[in-house]
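Here is the structure we will look at, set down as structure tokens.
In this note's numbering, the protein residues as written are 579 to 1470.
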């Protein structure tokens, strides 16, 4: 059996501890990868795969990258879901006995990656932990780049997990084996890497670590939450190898603290990303995000994901937006100052992780210097939220002063090569720098002096890291060198290099001063960084205030540019919108062409609106705009309407659009029914529900029955009775108005002109009497012969239906006080006939005429008397009643 080389033995030992990572193994100026890591990296990074003799029968697969270019390669691997372990030399090779010691100094994972080049500055990058025990579930979310830490705990409800994941969008999920099966059962979209750790990783709680970091903030924490928190902190320390001081506070929250928007509703409403390609354009965030800072953009995203449900808190934001909007000069000054502020939260994160450089400290200083002008502007405002910001905004002048005094104006990016510390900050730095400067001046003048003495015009003084300073003379001028003047140092092919005693002495002074200067500057920089790190808590508070202030100022700007109005907020059940508009659609269509619409919802006479009308007419847009206006109001934004009085919603649910999950064995209809089931189980009487085309995925009668039953359930269930918009093509459902309390009919107005239809996009009272499906098909460009044939078939079907059901409809409530009897059907028809018989019709000569309808009345009454309602199914009875009313109206 062949023996591995010492270097490969070292590699194998380190790799065994990091099996789930691609190991970047430092060899000289390169990071090398071997075996399976090399095969993966060569494919993903498009590297040449070579081999290396390592004592085995076959050469080990190998590929490598220059260490100075590692950042880009690491970013590409992380973006593909891999983890990377960085293995460095941990001792000076010059002092090593045998092979140089190496160890992993950092593990980079999707959830702990914080490189500016690869993470979106306007998004958080969360790592999530899940832990379950004794019927309880706890979730933790941490962004190590900003220090944000959230935790919640709740009874074991699996559906909540997917909702929270859709809210925070973690790139990595840490879990014990018992919770891994829960995560896998959720059928996530694959954007989160799952990292498993053993159960004791969570259960062996490091109380000292938790208390040191969070004080007594966790003393009353639920035991399941404590284990969840313990696990994520261990993992962060395990990967980062440093104690991140920016993670110093936990925000405990309840899922009931903010509006619940489930994963399907977030997708359907396109809150932060569009459905098409998951990009920002076309989402509500795209319309609202004109923030001046990255902190403001992240705050806005968080507010959209978690709308408020407390009236006082909502109104505080709205009042702040209103006051800024009323003071446009101050608003512009505020925006100008905010634009000069960099991402303080992530700069603080770099300080905490010991990755900040001198240029970034200057950026922090420049940002802090813009805080005093902002505070001066805030002093002029009177709304409670802006006054609180003024009172709590720390100007951080001492931190800016320290950086200004210590860091030079154009520092080097690398920290160990000098040119960092400002002149006058440290006397020893000044002395070493002076010695280095004057020594180099002396050497610069030495070349002219020696040329004059020797008469050799081509003589030059040079330097390299191996041989130091030297005097170089070509061999052609060798005979002109004064005897005994130089000491030979190096022979080249065409020249000789010399040194003098004076040059050697000056070289020692310069190099000694330079080495000491670089070392001292580095030590001073670390001391400055550590001093600033102690003030992280103060900087985080100011950064949070600036982010929220930026968001409020942004709302003011958006309201001004888009003609948004301040909504009224109520705790009752009334939702009224006058001339409401869809905030996204109106931005992507031609200016001024969007048709506004009114909405009135309450839990008495307008609880559930049945909305009918053809496809493409705007039903879905209308429903979505009601939900988006509600969300905008509850995050503290003005809204696209002439007037709005918004009832606070605890939850918003949507069932819009067709989708399927064929790989999971679920058809479009099954997905639809699953979504409807989730809504009916979880909505409350404070919820807003949007249902679009419920039942359309199955046969007509099955679908109609399901839709009808869903309407009944919502309106008759006293614990539900939520505000609902119900769009449908089942025109039979319009008969439920007046039969079920709270149901109202609305439709999208359509105008027929020269055998064509025009969508008016206007929601009006009353139900539609047809779907215009063939007309829509015509608009879509179906061949003319297909359209004409469809019309023929439709007429045939309608005639057949008319002959089979001369009159049809009755409500099917068995054992229900609201049941419709045959006598009631007849009575309703008689009323219609009586109303028509009293009308008089006149010709152009103003003479009375008998309508042709009068001739059909006797036949109609005879047909009505022959209806055998007891032999009908509920659906046939409903259709009969609908047909009776329709025919009676025609006979008026």
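Positions of the beta carbon are idealized from the N, C-alpha and C atoms, including for glycine.
| field | Cβ-based neighbour list, residue 953, same chain, cut-off 8 Å, excluding 5 preceding and 5 following | value | Residue numbering aside, residue 953 sits at position 375 when the chain shown is read from its first letter. For residue 953, the CB contacts under 8 Å within the same chain, skipping 5 residues up- and downstream, are 968, 971 and 973 in chain order.
| query | If we ignore side chains and look at the alpha-carbon of each, how far apart do residue 1072 and residue 1010 end up? | reply | On the chain shown, position 494 is the one that residue 1072 refers to. On the chain shown, position 432 is the one that residue 1010 refers to. Using only the alpha carbons, I get a separation of about 37 Å.
| request: Indicate whether residue 795 and residue 825 have their beta-carbon atoms separated by less than 9 Å. | output: Here the question's residue 795 lines up with position 217 in the chain shown. Here the question's residue 825 lines up with position 247 in the chain shown. It is not a contact, given that the beta carbons lie outside the stated cut-off.
| task | Give the straight-line distance between the Cα atoms of residue 581 and residue 670, rounded to the nearest whole angstrom. | result | As a position in the chain shown, residue 581 is number 3, starting the count at 1. As a position in the chain shown, residue 670 is number 92, starting the count at 1. C-alpha separation (whole angstroms): 27 Å.
| field | Presumed contact (8 Å Cβ cut-off) between residue 774 and residue 748, rounded CB distance | value | Your numbering for residue 774 matches position 196 in the chain shown. Your numbering for residue 748 matches position 170 in the chain shown. Going by Cβ atoms, the distance from residue 774 to residue 748 rounds to 15 Å, so no, they are not a contact pair.
| task | Could you check what DSSP says for residue 581 in three-state terms: helix, strand or coil? | result | Here residue 581 refers to the residue found at position 3 of the chain shown. Reduced to three states, the DSSP call for residue 581 is coil.
| In terms of residue numbering, what span does the alpha helix (DSSP H) encompassing residue 1075 cover? | Position 497 of the chain shown, counted from the first residue, corresponds to residue 1075. Here residue 1075 belongs to no alpha helix (DSSP H); instead the beta strand (DSSP E) covers 1073-1077.
| query | So is residue 840 buried or exposed if we call it buried at 16+ other beta carbons inside 10 Å? | reply | For this step, residue 840 is matched to residue 262 along the chain shown. The residue in question, residue 840, is buried, as its Cβ has 16 or more Cβ neighbours within 10 Å.
| Got a sec? Which residues, its chain only, sit under 7 Å from residue 737 by beta carbon, not counting five neighbours each side? | For this step, residue 737 is matched to residue 159 along the chain shown. Within its own chain, the residues whose Cβ lies closer than 7 Å to the Cβ of residue 737, once the five positions on either side in sequence are excluded, are 1256, listed in chain order.
| field | Whole-angstrom distance between residue 933 and residue 779, CA atom to CA atom | value | For the purposes of this step, residue 779 is taken as the residue at position 201 of the chain shown. For the purposes of this step, residue 933 is taken as the residue at position 355 of the chain shown. If I take the Cα positions, the gap works out to 28 Å.
| query | residue 808 and residue 784 look like a contact to me (Cβ under 8 Å); what is the Cβ gap, rounded to whole Å? | reply | Locating residue 808 in the chain shown gives position 230, where the first residue counts as 1. Locating residue 784 in the chain shown gives position 206, where the first residue counts as 1. Their Cβ separation, rounded to whole angstroms, is 6 Å, which keeps residue 808 and residue 784 in contact under 8 Å.
| field | Spatial neighbours of residue 800 in its chain, beta-carbon cut-off 8 Å, leaving aside the 5 residues before and after | value | Counting from 1 along the chain shown, the entry for residue 800 is found at position 222. So the qualifying residues of the chain are 714, 716 and 731.
| message | Which runs of the beta strand (DSSP E) at least 3 residues long sit entirely within the segment 587-645? Give them in chain order. | response | When DSSP assignments are scanned along the segment 587-645, the uninterrupted stretches of beta strand (DSSP E) that are 3 or more residues long and fall wholly within it turn out to be 600-605, 608-612, 628-630 and 638-644.
| With distances taken from CA atoms, which of 1008, 868, 761 and 1143 is nearest residue 1155? | Reading the chain shown from its first residue, position 577 is the one you call residue 1155. Out of 1008, 868, 761 and 1143, 1143 has the C-alpha closest to the C-alpha of residue 1155.
| query | Leaving out five residues before and five after residue 589 in sequence, what residues of the same chain have Cβ atoms less than 7 Å from its Cβ? | reply | Reading the chain shown from its first residue, position 11 is the one you call residue 589. Closer than 7 Å at Cβ, skipping near neighbours: 603 and 612.
| query | Using the C-alpha atoms, what's the distance from residue 1085 back to residue 1045? | reply | Taking the chain shown and counting its residues from 1, the one referred to as residue 1045 is at position 467. Taking the chain shown and counting its residues from 1, the one referred to as residue 1085 is at position 507. Taking the CA atoms as reference points, residue 1045 sits about 11 Å from residue 1085.
| task | Give a yes or no on contact between the segment 1212-1227 and the segment 878-898, applying the rule of three or more CB pairs nearer than 8 Å. | result | Proximity of the segment 1212-1227 to the segment 878-898 meets the contact definition, three or more beta-carbon pairs being nearer than 8 Å.
| If you compare alpha carbons, which of 1292, 691 and 905 is closest to residue 1321? | Taking the chain shown and counting its residues from 1, one reaches residue 1321 at position 743. That would be 1292, whose Cα lies nearest to the Cα of residue 1321.
| query | DSSP state of residue 1466, grouped into three classes? | reply | As a first step, residue 1466 is located in the chain shown; it is residue number 888 there, counting from the start. In the structure shown, residue 1466 falls within a helical segment according to DSSP collapsed to helix, strand and coil.
| Nearest neighbour of residue 814, chosen from 705, 1222, 771 and 1090 [CA to CA] | Translated into the one-based positions of the chain shown, residue 814 becomes position 236. Residue 705 is the option with its Cα nearest to residue 814.
| query | Apart from the five residues just before and just after residue 690, which ones in its own chain have a Cβ nearer than 7 Å to its Cβ? | reply | Within the chain shown, the letter at position 112 stands for residue 690. Shown here for residue 690: same chain residues with a beta carbon closer than 7 Å to its own, the five before and five after excluded, namely 705, 722, 814, 817 and 818 in chain order.
| query | Straight-line CA distance for residue 703 to residue 768? | reply | Within the chain shown, the letter at position 125 stands for residue 703. Within the chain shown, the letter at position 190 stands for residue 768. Cα-Cα distance, rounded: 16 Å.
| said: Give the list of continuous alpha helix (DSSP H) stretches no shorter than 4 residues that lie fully inside the segment 863-945. | reply: Complete alpha helix (DSSP H) runs here, min 4: 872-883, 889-904, 906-917 and 922-930.
| To the nearest angstrom, how far is it from the Cα of residue 681 to the Cα of residue 667? | If you number the chain shown from 1, residue 681 lands on position 103. If you number the chain shown from 1, residue 667 lands on position 89. In this structure, the CA atom of residue 681 is about 7 Å from the CA atom of residue 667.
| request: With DSSP collapsed to three states, give me the class of residue 1308. | output: Indexing the chain shown from 1 puts residue 1308 at position 730. Residue 1308 sits in coil when the DSSP states are folded into three classes, being neither helix nor strand.
| said: Taking DSSP's pairing of strands, which residues face residue 721 in a bridge? | reply: Position 143 of the chain shown holds residue 721. Beta-bridge analysis with DSSP links residue 721 to 726.
| field | Segment limits, alpha helix (DSSP H) that includes residue 780 | value | For the purposes of this step, residue 780 is identified with residue 202 of the chain shown, where counting begins at 1. Boundaries of the alpha helix (DSSP H) harbouring residue 780: 777-781, taken from the DSSP string.
| field | Residue environment, residue 1295, which counts as buried when at least 16 other CB atoms sit within 10 Å | value | On the chain shown, position 717 is the one that residue 1295 refers to. In the assembly as shown, residue 1295 is an exposed residue. Its beta-carbon has fewer than 16 other beta-carbons within 10 Å.
| field | Beta-carbon proximity list for residue 708, same chain, < 6 Å, skipping 5 on both sides | value | Stepping through the chain shown from its first residue, residue 708 is reached at position 130. Excluding positions up to five away in sequence, the list reads 717, 753 and 757.
| message | Pop quiz: residue 929 and residue 1107 are said to be a contact at Cβ under 8 Å. What is the actual Cβ separation, rounded to whole angstroms? | response | As a first step, residue 929 is located in the chain shown; it is residue number 351 there, counting from the start. As a first step, residue 1107 is located in the chain shown; it is residue number 529 there, counting from the start. Right, their Cβ atoms sit about 6 Å apart.
| query | When the Cα of residue 1093 is compared with those of 1304, 674, 987 and 996, which residue comes out closest? | reply | Mapped onto the chain shown, residue 1093 falls at position 515. It is 996.
| request: Count the other CB atoms, across all protein chains shown, that sit within 10 Å of the CB of residue 1370; report buried if there are 16 or more and exposed otherwise. | output: Indexing the chain shown from 1 puts residue 1370 at position 792. Counting Cβ neighbours within 10 Å, residue 1370 comes out exposed, since fewer than 16 surround it.
| query | Does the beta-carbon distance from residue 874 to residue 963 come in below 9 Å? | reply | Sequence index remark: in the chain shown, residue 874 carries index 296 (1-based). Sequence index remark: in the chain shown, residue 963 carries index 385 (1-based). Contact flag unset, no.
| said: Distance check for residue 1198 and residue 831, CA to CA, integer angstroms please. | reply: Looking up residue 831 in the chain shown gives position 253. Looking up residue 1198 in the chain shown gives position 620. Roughly 33 Å separates the two Cα atoms.
| What is the rounded straight-line gap between the Cα of residue 591 and the Cα of residue 665? | Within the chain shown, residue 591 is the residue found at index 13, counting from 1. Within the chain shown, residue 665 is the residue found at index 87, counting from 1. Rounded to the nearest whole angstrom, the C-alpha separation of residue 591 and residue 665 is 12 Å.
| Distance between beta carbons of residue 1339 and residue 1173, contact taken as under 8 Å | Mapped onto the chain shown, residue 1173 falls at position 595. Mapped onto the chain shown, residue 1339 falls at position 761. Residue 1173 to residue 1339, Cβ: 4 Å. Contact.
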